[in-house]
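To start, the structure itself, in structure tokens.
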Amino acid sequence: MSRFDARGKANRALLVGVSEYDHTKPPHGVPGDLPAVRHNLDRLRDVLQRGGVFGASELVLLRSPYTHDFEHQLRRVAEEAEGLLLVYFAGHGAIPSAGDELFLQLRGAGVYAGEAAVFPGAEMFTTVLGMLGTSRAERIVVVLDCCFAGNAAWIWEHVPDRRRVLLLTSVQANHRIDAGDPATPTPFTALLAELLAGEGELWFGRLAEDLRTRMRAAGLRTIRDQPWEPLSRTEPGEDVLLSARGVARPGSPVQAPPDRRDSPGTPSPAALGSPGTGSAGTGSPGTGSAALGSPDAGSLHNGSLDAGSLDAGSVGPSSPGSGRSGATEPSAGAAPSPPGSRPPSAGSAAPTASTPGTAPHPPDRNRDRDPHPHPHPERNPDPLGSGPPRPGGAGGAGGAGGAARPTPPGRADGALLARLRAPVALLAAWYRRLRPAGRVTLVLALLATGLGSCALSALLADGSSCAPPLELRVLTDPDLEATVTAAAAAYLTSDANTDGDGCRRSGVTVYSAGSADAINALRRQTEAWQEPRDEDTNPQRDIGPQPDVWIPASPADVVRVTKGQDTDTAARLKPDTAPLAYSPIVLAVPEKMAAVEEQRRVRPTLSQLLSDLHERSKDAEVRRPDPEFTDAALLATTGLYGTGVDPAQAESQVAQPGPPSPTAADLLCALPEDITVDQRTAALVPEFLMKTGMDCDRTRRTPRTAEYPGDVPGIEPTFVRVRWKGADRDEEARGTAAGRFRDWLAGPGGRAVFARDGFRAAADGDRDLLDPDHMAPGVLRAPSPLTEASGQRAMDTALTRYRGAHGPGRVLFLLDSSGSMTDQWKGASGGRGLLKQSLGGLGDLDEYGVWSVAGTANGRQYESLLGSGQHRRKDAERAIDAAKVRDAQADPRAALLAALKDMADRRARDDRPQLIVYITDDEDNSRLTGGGIDEVLYQAGEAKVPVTMVSLASGGCDRGRLDARISAASGGRCLDADDDLGAGLADEVARIGTGDD
0 MSRFDARGKA
10 NRALLVGVSE
20 YDHTKPPHGV
30 PGDLPAVRHN
40 LDRLRDVLQR
50 GGVFGASELV
60 LLRSPYTHDF
70 EHQLRRVAEE
80 AEGLLLVYFA
90 GHGAIPSAGD
100 ELFLQLRGAG
110 VYAGEAAVFP
120 GAEMFTTVLG
130 MLGTSRAERI
140 VVVLDCCFAG
150 NAAWIWEHVP
160 DRRRVLLLTS
170 VQANHRIDAG
180 DPATPTPFTA
190 LLAELLAGEG
200 ELWFGRLAED
210 LRTRMRAAGL
220 RTIRDQPWEP
230 LSRTEPGEDV
240 LLSARGVARP
250 GSPVQAPPDR
260 RDSPGTPSPA
270 ALGSPGTGSA
280 GTGSPGTGSA
290 ALGSPDAGSL
300 HNGSLDAGSL
310 DAGSVGPSSP
320 GSGRSGATEP
330 SAGAAPSPPG
340 SRPPSAGSAA
350 PTASTPGTAP
360 HPPDRNRDRD
370 PHPHPHPERN
380 PDPLGSGPPR
390 PGGAGGAGGA
400 GGAARPTPPG
410 RADGALLARL
420 RAPVALLAAW
430 YRRLRPAGRV
440 TLVLALLATG
450 LGSCALSALL
460 ADGSSCAPPL
470 ELRVLTDPDL
480 EATVTAAAAA
490 YLTSDANTDG
500 DGCRRSGVTV
510 YSAGSADAIN
520 ALRRQTEAWQ
530 EPRDEDTNPQ
540 RDIGPQPDVW
550 IPASPADVVR
560 VTKGQDTDTA
570 ARLKPDTAPL
580 AYSPIVLAVP
590 EKMAAVEEQR
600 RVRPTLSQLL
610 SDLHERSKDA
620 EVRRPDPEFT
630 DAALLATTGL
640 YGTGVDPAQA
650 ESQVAQPGPP
660 SPTAADLLCA
670 LPEDITVDQR
680 TAALVPEFLM
690 KTGMDCDRTR
700 RTPRTAEYPG
710 DVPGIEPTFV
720 RVRWKGADRD
730 EEARGTAAGR
740 FRDWLAGPGG
750 RAVFARDGFR
760 AAADGDRDLL
770 DPDHMAPGVL
780 RAPSPLTEAS
790 GQRAMDTALT
800 RYRGAHGPGR
810 VLFLLDSSGS
820 MTDQWKGASG
830 GRGLLKQSLG
840 GLGDLDEYGV
850 WSVAGTANGR
860 QYESLLGSGQ
870 HRRKDAERAI
880 DAAKVRDAQA
890 DPRAALLAAL
900 KDMADRRARD
910 DRPQLIVYIT
920 DDEDNSRLTG
930 GGIDEVLYQA
940 GEAKVPVTMV
950 SLASGGCDRG
960 RLDARISAAS
970 GGRCLDADDD
980 LGAGLADEVA
990 RIGTGDD
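Letter by letter, the sequence shown follows residues 0 to 996 in numbering that gives the first Met the number 0.
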């Protein structure tokens, strides 16, 4: 374990905040200015200069810089830092559609959804890490507060010396976030500063954990209405001290706190840290005499006491034990902090929960701009007037040059502290009640004994700071993600994941991917997962990081991988022999349409249940989620096809307008959007969602009753350890961590989470509910019999038959080739690249064509690049690569009407499933107005051909936008630059085609 304390060294902190942008108007402007970011730098400067690690002269503030200013200052601090180098950025962030790079958008930034060269005025995070890598600093901490900040974690994975670089991001990958109230700091930075302002030592690992805990408790959501989760990345065992407010550096003289008899509203001269007050060896400039955890420490703001504090209604208090508090008392009138938590800092603004669907910019985006921006750095003066830093650097103790930091105590010291913890705790409580003179006497007495350093550590701080734990990466089925995430959260704070010093043994990151995609990647793309070599095959982009653990919804998935796995695979699977839990697939029928007799709710086959349903209600409909996305939907499909049933006929029983919902939870939440549809539609879903899938934000929903088909296998979450070739450095530690998590999941702790979510026992037999006392409404206690797990062959066969259920498909691609597409033409995330990536979903028997949409010399608004028919993929890619941008405008009305007519004419000759894809930058959408819009929307609805609109612009699919209206009218899907365009378009094409990708 390596714990780095930079006090006494030459440290630097570069705080960059971009609140003003030059370009905020469409089509190439950023979403708007960010007034909240102005407050971020002020707040962080205040807390860092009081934290005992950085001196006032070591803080560099850079407000709304251009690229050259940013690079100059980055080089400067990188050259000057020798101990700790902290770089903080707040502003807009952008990613290409591939998601494989993060662009930090500076003052002159423009927005172009193409490859790296078309993001002018932005700095690639890869470049930032490269520049930081030249520094002599012993440790580098990077903090990012911007949209898509989590995408930096994937870039960090490729840093040559990850041991030296610690990364903290405000949000998970591929998510936008709200900047919050313009009058306060952004939500993430407000909480970051609040935690840094607390008393005692605060290490990077603890800070990251506390941020996750507090933001989860606050219920903050991203723009996509998903839980807002900060991320951190470190090498196992690495940690860095970021704040030590009120804690003297080891070996420094100790100073008494101010007398409590001072007026509560007026800080004493010593508390203000003015020149000439206090004894030698005070804290860093601005901390003054708060070195022993003064009751007023942490309440100073620009030289005065500030009554503001974090709004408990916005962000809840830390959970017990979540912080590293010193021996402090609450200020007069303040509520005491929970045991073990860091007290809130005065003056901290409350993070504001984002409103789902709102853009990450403030409402006053059109206000008058400051004609005199401040792109140049501020070498922070000491606002409290405490003079220059002491010899030895910021935060160092008194004495010329400061004392060298001693080696951290070993196990013997830790054991001694453990034995003394109880009596020392009593001593600490007594100490806090002493008057200042008595405190000084006690401290001097302790220093004169063999217990001095141990007991003094307990008085001044918690003394049990923890290194960042090893992070387990857990991939799971989308239907299981919520339950597995809840289990991981419970495990993190469990005794099983806590060592003897109260530190977490490991962290857990849970993410999901479409089941068919995950199986294909583990089967055929493991080498590309480790090191992507081309733009077409990149599981890191399409799935996520390489998993340590995989929890599929069926044990058959493991066989589906290993049966067809490459002989030189880079990943080896070791599944558990027994599943973790069980949940049958049920037909969730509206209560008024359901069978009354219990025996009629359990039938031997799904076809019998469907037949009974239609006898009871002639207008009944049935829907099923996407069989390529979740195992539950694929298992339902095995029952739907039965034995000898024509797949096309079977699919007609679950036909619906537009594409199917990705997951069962999505389906259950989508149905109530139309109460009439909700009242007549049954859904094929896992039984456990009868309990957990009914809490969507709907004021009205139809009660449902579960009916049980005997020929549909249920889902059985299974723990699978994934070992990667070449990952030897921490294999033993990672294996131990995975095994510990597995044991907890399979034990009482994990069973309690599965029970709460409505699962049944996985053991053979009756498969009883794990929590029979809290049954979901409409569920049977003991339906019998329940089908055993499905086999690999049945699932693969059902997926193959589903993909070919309607025979080969037909797709017509419309590629906007107008002049405005120049900057969005090349690369994996450009128009041509996205089109080529989607061809993998088309097989040899599928028909497709490509039109170039832009004015031509003969007056036509489009021309054929590739005639409609069957093509070899290489031939199609060659034709697409030859396409060029024209110096002309596009006419979306003419192109769409012609495409709809062409597909209608072809449908008259056969009944192939059809799809139109229009890839555009939306630049020429303004040409489609009034009657033209009405005509396109009417024809889109009449043609019965889904249109997938692919907008390369951010927000192109927002409610009311033209792209969203066209897709909705046709029953298609709308994708824009805020989505994963490559994966989303590939999914839409694969739904029509018969390809293997």
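Glycine included, every Cβ here is placed at the ideal spot set by N, Cα and C.
| query | Is the beta carbon of Leu479 less than 9 Å from the beta carbon of Ala587? | reply | Numbered from 1 along the sequence shown, position 480 holds the residue referred to as residue 479. Numbered from 1 along the sequence shown, position 588 holds the residue referred to as residue 587. The answer is no: Cβ separation not under 9 Å.
| What is the C-beta distance between Leu14 and Arg44, in whole angstroms, given that I count them as a contact (C-beta under 8 Å)? | As a first step, residue 14 is located in the sequence shown; it is residue number 15 there, counting from the start. As a first step, residue 44 is located in the sequence shown; it is residue number 45 there, counting from the start. Correct: roughly 7 Å between the Cβ atoms.
| Considering only residues of the same chain and omitting the five flanking positions on each side of Thr947, which have a CB-CB separation below 6 Å? | Taking the sequence shown and counting its residues from 1, the one referred to as residue 947 is at position 948. Within the same chain, Thr947 has close Cβ partners Val916, Gly971, Arg972, Glu987.
| query | Per DSSP, what kind of secondary structure is Gly449 in: helix, strand or coil? | reply | On the sequence shown, residue 449 is found 450 positions in, with the first residue counted as 1. Model confidence at Gly449 stands at a pLDDT of 42, short of 50, so the residue's coordinates are unreliable; what they give is reported in the following sentence. Three-state DSSP puts Gly449 in coil, outside helix and strand.
| Excluding five sequence neighbours on each side, which residues of the same chain lie with their C-beta closer than 6 Å to the C-beta of Ser660? | Along the sequence shown, read from residue 1 onward, the residue named residue 660 stands at position 661. Excluding its 5 nearest sequence neighbours in each direction, Ser660 has C-beta neighbours in its own chain below 6 Å: Pro624, Leu666, Ala669, listed in chain order.
| task | Could you tell me the distance, in whole angstroms, from the CA atom of Ile991 to the CA atom of Asp843? | result | Your numbering for residue 991 matches position 992 in the sequence shown. Your numbering for residue 843 matches position 844 in the sequence shown. Taking the straight line from one Cα to the other gives about 13 Å.
| query | How is Trp227 classed by DSSP in three states: helix, strand or coil? | reply | Reading the sequence shown from its first residue, position 228 is the one you call residue 227. It is coil, neither helix nor strand.
| task | Compute the beta-carbon to beta-carbon distance between Leu103 and Gly92, rounded to the nearest angstrom, for a pair I have assumed lies under 8 Å. | result | For the purposes of this step, residue 103 is taken as the residue at position 104 of the sequence shown. For the purposes of this step, residue 92 is taken as the residue at position 93 of the sequence shown. So it is a contact: roughly 6 Å between Cβ atoms.
| field | Helix, strand or coil at Arg571 according to DSSP, with G and I counted as helix | value | The residue you call residue 571 lines up with position 572 of the sequence shown. DSSP, read as helix, strand or coil, puts Arg571 in strand.
| task | Give a yes or no on whether the C-beta atoms belonging to Ala887 and Leu864 are separated by under 9 Å. | result | Against the sequence shown, residue 887 aligns to sequence position 888. Against the sequence shown, residue 864 aligns to sequence position 865. Not closer than 9 Å, so no.
| So, using beta-carbon positions, are Lys637 and Leu841 closer together than 9 Å? | Translated into the one-based positions of the sequence shown, residue 637 becomes position 638. Translated into the one-based positions of the sequence shown, residue 841 becomes position 842. Position check: residue 637 holds Thr in this sequence, whereas Lys was assumed. One thing to note: Thr637 has its Cβ no nearer than 9 Å to the Cβ of Leu841.
| Identity of the residue in Leu131, Tyr65, Thr183 nearest Pro159 by Cα | Taking the sequence shown and counting its residues from 1, one reaches residue 159 at position 160. The shortest C-alpha separation from Pro159 is found at Leu131.
| Range of the contiguous alpha helix (DSSP H) that encloses Ala93 | For the purposes of this step, residue 93 is identified with residue 94 of the sequence shown, where counting begins at 1. Per DSSP, Ala93 lies in no alpha helix (DSSP H); the unbroken beta strand (DSSP E) holding it starts and ends at 91-93.
| request: Give the DSSP-derived three-state secondary structure of Gly325 in the structure shown. | output: Taking the first residue of the sequence shown as 1, we reach residue 325 at position 326. In this prediction, Gly325 has a pLDDT of 35, which is less than 50 and means its spatial position is unreliable; what the coordinates show is noted afterwards. Reduced to three states, the DSSP call for Gly325 is coil.
| task | With DSSP collapsed to three states, give me the class of Met123. | result | In the sequence shown, residue 123 corresponds to position 124, counting from 1. Strand, per DSSP.
| Where Ser511 falls, given that 16 or more other Cβ within 10 Å makes a residue buried | Taking the sequence shown and counting its residues from 1, one reaches residue 511 at position 512. Looking at its Cβ environment, which holds 16 or more other Cβ atoms inside 10 Å, Ser511 is buried.
| Could you check where the beta strand (DSSP E) with Arg11 kicks off and where it finishes? | Residue mapping note: residue 11 aligns to position 12 of the sequence shown, counting from 1. It spans 11-16 - the beta strand (DSSP E) in which Arg11 sits, taken as one unbroken run.
| Unbroken stretches of the alpha helix (DSSP H), 4 residues or longer, contained in the segment 644-705 | For the segment 644-705, whole alpha helix (DSSP H) runs of length 4 or above, ordered along the chain, are 646-651, 663-669, 674-679, 688-691.
| field | Nearest neighbour of Gly129, chosen from Arg679, Ile176, Leu73 [CA to CA] | value | For the purposes of this step, residue 129 is taken as the residue at position 130 of the sequence shown. Nearest option by C-alpha distance: Leu73.
| request: Quick one: grab the DSSP three-state call for Ser925. | output: Within the sequence shown, numbered from 1, the residue matching residue 925 stands at position 926. In this structure, Ser925 counts as helix in the three-state DSSP scheme.
| field | C-alpha distance - Met214 paired with Thr221, whole-angstrom precision | value | For the purposes of this step, residue 214 is taken as the residue at position 215 of the sequence shown. For the purposes of this step, residue 221 is taken as the residue at position 222 of the sequence shown. Looking at the two C-alpha atoms, the distance is approximately 11 Å.
| field | Identity of the residues DSSP links to Leu997 by a beta bridge | value | Nothing can be reported for residue 997, as the shown portion of the chain is limited to 0 through 996.
| query | Where Pro784 and Ala594 are concerned, what is the direct C-alpha to C-alpha distance, given to the nearest angstrom? | reply | As a working mapping, residue 784 is identified with position 785 in the sequence shown. As a working mapping, residue 594 is identified with position 595 in the sequence shown. Taking the straight line from one Cα to the other gives about 18 Å.
| message | Short of 6 Å in beta carbon distance, which residues of its chain neighbour Trp155, apart from the five on each side in sequence? Order them along the chain. | response | Here residue 155 refers to the residue found at position 156 when the sequence shown is read from its first residue. Apart from the 5 residues on each side of it in sequence, Trp155 sits with its Cβ closer than 6 Å to the Cβ of Leu166, Arg232 in its chain, given in chain order.
| query | So what does Met948 bridge to, in DSSP terms? | reply | In the sequence shown, counting from the first residue as 1, residue 948 sits at position 949. According to DSSP, residue pairing for Met948 in a beta bridge involves Tyr917, Cys973.
| query | What's the call for Pro702, buried or exposed, on a 16-neighbour Cβ count within 10 Å? | reply | Position 703 of the sequence shown, counting from 1, holds the residue named residue 702. So Pro702 counts as exposed.
| query | Three or more beta-carbon pairs under 8 Å between the segment 803-820 and the segment 916-927, yes or no? | reply | Counting C-beta pairs with one atom in each stretch, the segment 803-820 and the segment 916-927 have three or more that are closer than 8 Å, which means they touch.
| message | If I follow the unbroken beta strand (DSSP E) through Ser1002, where does it start and stop? | response | Nothing about residue 1002 can be read from this structure; the chain reaches only from 0 to 996.
| message | Do Ala108 and Tyr20 count as a contact pair if the criterion is CB distance below 9 Å? | response | Position 21 of the sequence shown holds residue 20. Position 109 of the sequence shown holds residue 108. For Tyr20 and Ala108, yes; Cβs fall inside 9 Å.
| field | As assigned by DSSP and simplified to three states, the class of Glu596 | value | The sequence position of residue 596 within the sequence shown is 597, counting from 1. Coil.
| message | Once the 5 residues before and after Phe3 are set aside, which same chain residues still bring their CB inside 6 Å of it? | response | In the sequence shown, residue 3 corresponds to position 4, counting from 1. If you ignore the 5 residues before and after Phe3, its C-beta comes within less than 6 Å of the C-beta of Arg138, Val239, all in its own chain and listed in chain order.
| request: Could you tell me if Gly499 is buried or exposed, where buried requires 16 or more neighbouring beta carbons within 10 angstroms of its beta carbon? | output: One-based indexing of the sequence shown puts residue 499 at position 500. Per the 10 Å Cβ criterion, exposed.
| query | Whole alpha helix (DSSP H) runs in the segment 49-90 with 4 or more residues, listed along the chain? | reply | As far as the segment 49-90 is concerned, its whole alpha helix (DSSP H) runs of at least 4 residues are 66-79.
| query | Quick one: is Pro467 buried, meaning 16 or more other Cβ sit within 10 Å of its Cβ, or exposed? | reply | Sequence index remark: in the sequence shown, residue 467 carries index 468 (1-based). The residue is buried, with at least 16 neighbouring Cβ atoms inside 10 Å.
| In whole angstroms, what is the alpha-carbon distance linking Ala745 and Pro554? | For the purposes of this step, residue 745 is identified with residue 746 of the sequence shown, where counting begins at 1. For the purposes of this step, residue 554 is identified with residue 555 of the sequence shown, where counting begins at 1. Taking the straight line from one Cα to the other gives about 15 Å.
| request: Have a look at Glu627 and Gly197 and give me their C-alpha separation to the nearest angstrom. | output: To locate residue 627, count along the sequence shown from 1; it is residue 628. To locate residue 197, count along the sequence shown from 1; it is residue 198. Straight-line Cα distance between these residues: approximately 49 Å.
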